[in-house]
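Written below as structure tokens is the structure these notes are about.
Residue numbers (my numbering): 1127 to 1400.
Written out as structure tokens, the structure reads:
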């Protein structure tokens, strides 16, 4: 697949011309006679990237296709938006980037997702890449017998009694039907973001749990997302039934997931309100 350099070139030029030296921490250029130079010089970008003079000029004039590492440096120097970074990575390399341009900022999910989730009739929440819930609806709260949404869904799903208890846990038959799928799913999340210290610490903590460690050591790792799964579930207010799981992902928050659960009560159990 040939890289699509044209769109990247146009964006680089537009971003470079929109930034002044003082915007990026460089000294203002002394005034001189002649036409005024708008924005950053190509050599300014080299300075920001700490690369050899002339490197950026070769990229912007399409004489050099950047490596992923150089591309990230350019995107940071020119202050790409996260969406621009993702789109250009797709254009240049044919894949989405493995790490956000601004890792901490990518924990934030666009506020419009709050309205999206709250307008959903079914159980629904948005979690960031650390498996921390960001937005959820009332139906999601009712899923938990305690009526409390946990701060860390990974630790709740993988180690809590409320999730795993054989008699009253939300995830019925956790060791056979939930755990073997949840453990590789979470491990894949941790591997995808090796520089996220919070996520790595969560991974370390859950791996100390004997039941989690046993499942991890079995080496079953084909399951890395919940989309389309159906499993038995004990709803916090509606009782036992089955959960149909759907997942999609905000494009500007890498690793985030929108999880929707369509709950089907067992016969004889009350169903959700229409």
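Positions of the beta carbon are idealized from the N, C-alpha and C atoms, including for glycine.
Its Cα nearest to that of residue 1280, the residue 1304 stands out among 1304, 1221, 1179, 1189. Take the alpha-carbon of residue 1300 and the one of residue 1309: they are about 11 Å apart.
Membership of residue 1295 in any beta strand (DSSP E) is not indicated, and neither H nor E is assigned to it by DSSP. Within the DSSP bridge table, the entry for residue 1261 names 1252 as partners.
Here residue 1153 is exposed. Its C-beta has fewer than 16 other C-beta atoms within 10 Å. For the 8 Å CB-CB criterion, residue 1360 and residue 1368 do not form a contact. Scanning 1155, 1386, 1387, 1376 for the CA closest to the CA of residue 1238 turns up 1376. The straight-line gap separating the alpha-carbon atoms of residue 1271 and residue 1317 is approximately 31 Å. Taking the C-beta atoms as reference points, residue 1145 is found no nearer than 8 Å to residue 1198.
If you ignore the 5 residues before and after residue 1169, its C-beta comes within less than 6 Å of the C-beta of 1179, all in its own chain and listed in chain order. In the structure shown, residue 1305 falls within a helical segment according to DSSP collapsed to helix, strand and coil. Annotation: the continuous beta strand (DSSP E) that includes residue 1372 extends over 1365-1374. Of all alpha-carbon atoms in 1329, 1373, 1261, the one lying nearest the alpha-carbon of residue 1314 is that of 1329.
Excluding five sequence positions before and after residue 1378, the CB atoms of its chain that fall closer than 6 Å to its own CB belong to 1208, 1209, given in chain order. Secondary structure at residue 1185: helix, using DSSP grouped into helix, strand and coil.
In the structure shown, residue 1157 adopts coil according to DSSP, grouped into three states.
Secondary-structure assignment with DSSP links residue 1389 through a beta bridge to 1369. Linking residue 1320 to residue 1240 through their CA atoms gives a straight-line distance of about 28 Å. Burial is judged here by how many other beta carbons sit within 10 angstroms of a residue's own beta carbon; residue 1176 has fewer than 16 and is exposed. Fewer than three pairs of CB atoms, one per stretch, sit closer than 8 Å, so the stretch 1245-1253 makes no contact with the stretch 1211-1228. The Cβ atoms of residue 1257 and residue 1287 lie no closer than 8 Å to each other. DSSP places residue 1359 in the uninterrupted beta strand (DSSP E) bounded by 1356-1361. Each residue's CA atom was taken as its position, placing residue 1364 and residue 1334 some 33 Å apart.
Looking at the DSSP output, residue 1384 sits in a beta bridge with 1252, 1374.
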